[in-house]
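Everything below concerns the one structure shown next.
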Amino acid sequence: MVSHHIDFIEEVTTRAIIIEDGKLLMEGEPHKLCHEFIKKCNADYLKDLDELRKQMAGV
Numbered sequence: 880m881v882s883h884h885i886d887f888i889e890e891v892t893t894r895a896i897i898i899e900d901g902k903l904l905m906e907g908e909p910h911k912l913c914h915e916f917i918k919k920c921n922a923d924y925l926k927d928l929d930e931l932r933k934q935m936a937g938v
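Taken in order, the sequence shown gives residues 880 to 938; the numbers are from the numbering used here.
Shown next as structure tokens:
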């Protein structure tokens, strides 16, 4: 499966990989790799995703 939706990846996978320009950059635990993806893409707005999930669970 290929996805850029980090919340989905963290929820349904047990292993993740990061590929760039057809080359394997990293592989491992989805939670760790999703955070590396956020850093690599400078997607700072996604850093608080875990906190947002916790807040929404309490709604």
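Backbone N, C-alpha and C fix where the C-beta goes; we use that ideal spot for every residue, glycine too.
As the structure is a prediction and not an experimental result, all values here were calculated from the model.
Setting aside the 5 residues that flank it on each side, residue 892 is surrounded in the same chain by 880, 909, each with a C-beta closer than 8 angstroms to its C-beta; the list follows chain order.
A straight-line Cα-Cα distance of about 24 angstroms links residue 924 and residue 900. Per DSSP, the unbroken alpha helix (DSSP H) holding residue 889 starts and ends at 885-891. Residue 902 has its alpha-carbon roughly 32 angstroms from the corresponding atom of residue 932.
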